[in-house]
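Asker:
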Amino acid sequence: MIGHAAAFGAGLVFGIGLWISGMATPRKVLDFLDVTGGWDPSLALVMAGAVGVTLALFGRILKRPSPFFADRFALSLKRQVDTPLIVGATLFGIGWGIGGYCPGPALTALSNLSAEAFVFVGAMVAGGLAHRLAFD
Amino acid sequence: MIGLASVWLLVANGRIAGVSGILHGLFAGPAGNTPGGRAGDRLWRAWFIAGLVVAGFAWHAFAGPASVRQGFGLGWVALAGLLVGFGTRMSGGCTSGHGVCGLGRLSLRSLVAVAIFMAAGMAAAFVVRHLLGLPS
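Line order of the protein sequences matches chains A and B. Throughout the first sequence, residue numbering follows our numbering, covering 1 to 136 in sequence. Throughout the second sequence, residue numbering follows our numbering, covering 1 to 136 in sequence.
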């Protein structure tokens with residue numbers, strides 16, 4: 001129960017961060033990705049700031065025996081760079097560059113109640129299901 | 001705030017704040033999962049995503065409605081969503097999972113993924129904006 005509240009709070013703060021930084025605005029994301037136009041590098045600073053925080057604190061957290069509201073840490077144990085990583089990241093990047101949405105911004109943009117946010121999120125869920133059908 | 005929310009989800013719930021992984025675990029979990037069979041694993045995901053969406057409504061209440069771009073075809077939006085959904089499930093992460101959290105864990109896989117999806121995103125944004133001339 002308290003774990004669910006913690007997850008809701010994390011989503012809330014994460015989402016507000018996406019709006020403040022401009023990540024939830026596809027035009028701003030495309031201005032960042034489009035280095036040949038009037039390039040807007042500000043989102044690189046957003047990314048660097050967020051990574052700075054995780055870099056500083058993740059190591060310390062993972063030294064704890066367990067998280068506050070769960071039995072253990074659930075982390076990916078994969079280490080090697082493999083073909084699915086490379087192909088998947090390429091496909092994701094192409095989709096990101098077309099639409100200007102990555103998953104977090106797309107979900108919080110549902111609050112725009114715009115057709116494009118709902119179409120994008122629906123397609124994103126369908127894409128995940130398609131990958132499960134094809135490869136699991 | 002994005003970094004702090006990621007730190008909070010890890011220390012509280014023991015989970016990586018990777019939005020694509022959280023979403024796919026809700027709708028496209030590993031094959032063999034019976035729907036509802038792991039309800040506890042799904043609920044925290046649903047709460048995190050609810051937080052993301054509520055954050056958007058809260059932001060609009062504070063800052064006014066977002067300006068939604070006009071004239072960007074929904075077919076392109078759907079294609080982008082499919083690629084993002086498929087690609088993130090294949091590579092095991094997106095901007096938040098590989099970017100904010102993976103880099104914070106000093107994961108080589110994540111570093112490679114970030115370099116690839118940034119490059120692919122920049123290439124796609126160039127094609128869409130300058131070669132195809134789509135409004136965005």
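Just so you know, even glycine gets a beta-carbon here, dropped at the ideal spot from N, CA and C.
Going by other Cβ atoms of all chains shown within 10 Å of its Cβ, with 16 needed for buried, is phenylalanine 72 of chain B buried or exposed?
Answerer: Locating residue 72 of chain B in the second sequence gives position 72, where the first residue counts as 1. Phenylalanine 72 of chain B should be labelled buried.
Asker: Out of B/Leu43, B/Trp47, B/Cys94, B/Met90, which has the shortest C-alpha to C-alpha gap to alanine 115 of chain B?
Answerer: Counting from one through the second sequence, the residue named residue 115 of chain B turns up at place 115. Of B/Leu43, B/Trp47, B/Cys94, B/Met90, the residue nearest in Cα terms is B/Cys94.
Asker: Can you give the beta carbon distance from alanine 106 of chain A to phenylalanine 120 of chain A, rounded, assuming they're within the 8 Å contact cut?
Answerer: Translated into positions along the first sequence, residue 106 of chain A becomes position 106. Translated into positions along the first sequence, residue 120 of chain A becomes position 120. Correct: roughly 5 Å between the Cβ atoms.
Asker: Nearest to aspartate 41 of chain B by CA position, among B/Gly29, B/Met1, B/Met122, is which residue?
Answerer: Here residue 41 of chain B refers to the residue found at position 41 when the second sequence is read from its first residue. The candidate whose alpha carbon is nearest that of aspartate 41 of chain B is B/Gly29.
Asker: Do tryptophan 44 of chain B and histidine 4 of chain A have their C-beta atoms within less than 8 Å of each other?
Answerer: In the second sequence, residue 44 of chain B corresponds to position 44, counting from 1. In the first sequence, residue 4 of chain A corresponds to position 4, counting from 1. In contact: tryptophan 44 of chain B and histidine 4 of chain A (Cβ atoms closer than 8 Å).
Asker: Rank A/Ser21, A/Trp96, A/Gly88, A/Arg64 by C-alpha distance to the C-alpha of glycine 49 of chain A and give the top, closest one.
Answerer: Taking the first residue of the first sequence as position 1, residue 49 of chain A is located at position 49. It is A/Ser21.
Asker: Indicate the three-state DSSP secondary structure (helix, strand or coil) for arginine 15 of chain B in the structure shown.
Answerer: Translated into positions along the second sequence, residue 15 of chain B becomes position 15. The answer is strand: DSSP assigns arginine 15 of chain B an E or B state.
Asker: Confirm, please, whether the CB-CB distance from isoleucine 16 of chain A to alanine 58 of chain B is below 8 Å.
Answerer: Working through the second sequence from its first residue, we reach residue 58 of chain B at position 58. Working through the first sequence from its first residue, we reach residue 16 of chain A at position 16. A contact, by the Cβ cut-off of 8 Å.
Asker: Alanine 113 of chain B touches chain A at which residues, Cβ-Cβ below 7 Å?
Answerer: On the second sequence, residue 113 of chain B is found 113 positions in, with the first residue counted as 1. Per Cβ cutoff of 7 Å: Leu85, Ala89.
Asker: Compare the beta carbon distance of proline 103 of chain A and threonine 88 of chain B with 8 Å and say whether it is the shorter of the two.
Answerer: For the purposes of this step, residue 103 of chain A is taken as residue 103 along the first sequence, with counting starting at 1. For the purposes of this step, residue 88 of chain B is taken as residue 88 along the second sequence, with counting starting at 1. Going by C-beta atoms, proline 103 of chain A is nearer than 8 Å to threonine 88 of chain B.
Asker: Nearest CA to the CA of tyrosine 101 of chain A: which residue from A/Val87, A/Leu85, A/Phe118?
Answerer: What you label residue 101 of chain A is simply residue 101 of the first sequence in a count that begins at 1. Measuring from the Cα of tyrosine 101 of chain A, the nearest candidate turns out to be A/Phe118.
Asker: Taking only runs that begin and end inside the region 69-105 of chain A, name each unbroken alpha helix (DSSP H) of 4 or more residues, in chain order.
Answerer: Counting whole runs of 4 or more residues, the region 69-105 of chain A contains the alpha helix (DSSP H) stretches 83-99.
Asker: Between which residues of its own chain and threonine 83 of chain A is the CB-CB distance below 7 Å, once the five residues before and five after are set aside?
Answerer: Walking along the first sequence from the start, residue 83 of chain A turns up at place 83. Nothing listed; no residue qualifies.
Asker: Just to confirm the assignment, what range does the alpha helix (DSSP H) spanning arginine 109 of chain B have?
Answerer: In the second sequence, the residue the question calls residue 109 of chain B occupies position 109. It spans 108-126 - the alpha helix (DSSP H) in which arginine 109 of chain B sits, taken as one unbroken run.
Asker: Does the beta carbon of lysine 28 of chain A sit closer than 8 Å to a beta carbon anywhere in chain B?
Answerer: Here residue 28 of chain A corresponds to residue number 28 of the first sequence, with the count starting at 1. Chain B, which has no Cβ nearer than 8 Å to the Cβ of lysine 28 of chain A, makes this no.
Asker: Using the rule of at least 16 other Cβ atoms within 10 Å of the residue's Cβ for burial, across every protein chain shown, is aspartate 136 of chain A buried or exposed?
Answerer: To locate residue 136 of chain A, count along the first sequence from 1; it is residue 136. Exposed.
Asker: Say whether chain B places a C-beta atom closer than 8 Å to the C-beta of aspartate 34 of chain A.
Answerer: Here residue 34 of chain A is taken as the residue at index 34 of the first sequence, counted from 1. Chain B, which has a Cβ nearer than 8 Å to the Cβ of aspartate 34 of chain A, makes this yes.
Asker: Which residues of chain A have a Cβ atom closer than 9 Å to the Cβ of glycine 104 of chain B, listed in chain order?
Answerer: Position 104 of the second sequence, counted from the first residue, corresponds to residue 104 of chain B. In chain order: Ala50, Val51, Gly52, Val53, Thr54, Leu55, Ala56, Leu57, Phe58, Gly59.
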